[in-house]
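Engineer: In this note's numbering, the protein residues as written are 23 to 251.
A virtual CB, placed ideally from N, CA and C, is assigned to each residue, including glycine.
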Amino acid sequence: MLLAKATDSATERAKIQGEIATYQAQLKDNIAGASYAGSNLLKNGTAATDPTKLSVITSYNRGAGNAVTTGTIDIAFTATRLINSDPTAATANKGILDKVSTVSQRSILNLDVTKLGADATATPPLLVVPGATEADQFNNMLTDIESALSSMSTAAAELGASKARIDLQKDFVSKLSDSIDRGVGQLVDADMNKESTRLQALQVQQQLGIQALSIANGNTQSVLSLFRG
23 MLLAKATDSA TERAKIQGEI ATYQAQLKDN IAGASYAGSN LLKNGTAATD PTKLSVITSY
83 NRGAGNAVTT GTIDIAFTAT RLINSDPTAA TANKGILDKV STVSQRSILN LDVTKLGADA
143 TATPPLLVVP GATEADQFNN MLTDIESALS SMSTAAAELG ASKARIDLQK DFVSKLSDSI
203 DRGVGQLVDA DMNKESTRLQ ALQVQQQLGI QALSIANGNT QSVLSLFRG
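1) So T80 packs on G93, CB below 8 Å; how close in whole Å?
2) Per DSSP, which residues does S61 bridge with? Please list them.
3) Counting only the same chain and skipping the five closest in sequence on each side, list residues whose C-beta sits under 8 Å from that of Q227.
4) Is DSSP giving R84 helix, strand or coil here?
5) Could you check if A89 is buried or exposed, using at least 16 other CB atoms within 10 Å of its CB as the buried criterion?
6) On a Cα-Cα basis, can you pick out the residue from I118, T110, P73 and A47 that is closest to R103?
7) According to the Cβ coordinates, are T165 and V125 closer than 9 Å?
8) Quick check on Q159: buried or exposed, where buried means 16 or more other Cβ atoms within 10 Å of its Cβ?
9) Rounded to a whole number of angstroms, what is the C-alpha to C-alpha distance between I53 and G87?
10) So, is M214 buried or exposed, given that buried needs 16 or more other C-beta atoms within 10 angstroms?
11) Following the continuous beta strand (DSSP E) through A98, name the residue where it begins and the one where it ends.
12) Count the other CB atoms within 10 Å of the CB of I97; is the residue buried (16 or more) or exposed (fewer)?
13) May I ask you to report which of helix, strand or coil DSSP gives D200?
In C-alpha cells:
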C-alpha cells in the first residue's frame, strides 16, 4: 500500500494517512487496555521504576517448619513491550511500535506518509526519511513495518509460550484438586461405614439388654432363687 501511494497526489496521501492514523489510534487504545493483575503486558509506564516483568504464581508448597515457598512463571516485558512511555528510556529500550528506526527515522506510531521530510513541531520531532527518491523513502518505511511485524510475531510467540505454561499448570492444579476431593470423599465414606457398624453394634447391645430385663421381670421368682443358693 505504501509503495502504491508513492506516486499518488498529496490529496490521496492525506486520505490514506487518515486510515493509518485510525489504525494507530486503535493500536494505542488496545495496548492501553492490555492489563493483567494491575500490570500492562504491552506498555511500560512513565516511571523508570516500573516493573520489568510479570510474575504469575503457579505453585504453592508448605515445607518443613511450615515454611511456604511459591513457584512463578515470569514474563519479561522487554520481550512483549509495544510502547515504552518512560521519557528517560534509551532508544534501544523503547517498545516495538514507538522505537524510532534508523532505517526510516520513524516509529510505527508516528509513521506519516504525508511527511517524508523533517518536522520539528511533531512529537517526537521527525527527521528526513532517508532515500534518494520518494520510492526509496517509502521502501525504507516499508522495511520498518516488516521489521515491526516480525518483532510483534516474536512477542506474540513469547506470550503464547507463557500462556501454554500457565494452562498446563492450571490443568495440573485442577486434576490435583479433583484427586484430593476424591480422596477426602473416600475417607469420609470409610469413616461413615465404621461409625455405622459401631452404631449397629450398640443397637444390638441395647436390644439384648432390654430383652434380658424383660425376661428377668417375667421370671422374678426364678431369678431370686438363684441368689438364695
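Structural biologist: Per the coordinate set shown:
1) 5 Å
2) DSSP lists Y58 as partners of S61.
3) Here the set comprises nothing.
4) strand
5) exposed
6) I118
7) yes
8) buried
9) 45 Å
10) exposed
11) V90 to A98
12) buried
13) DSSP, read as helix, strand or coil, puts D200 in helix.
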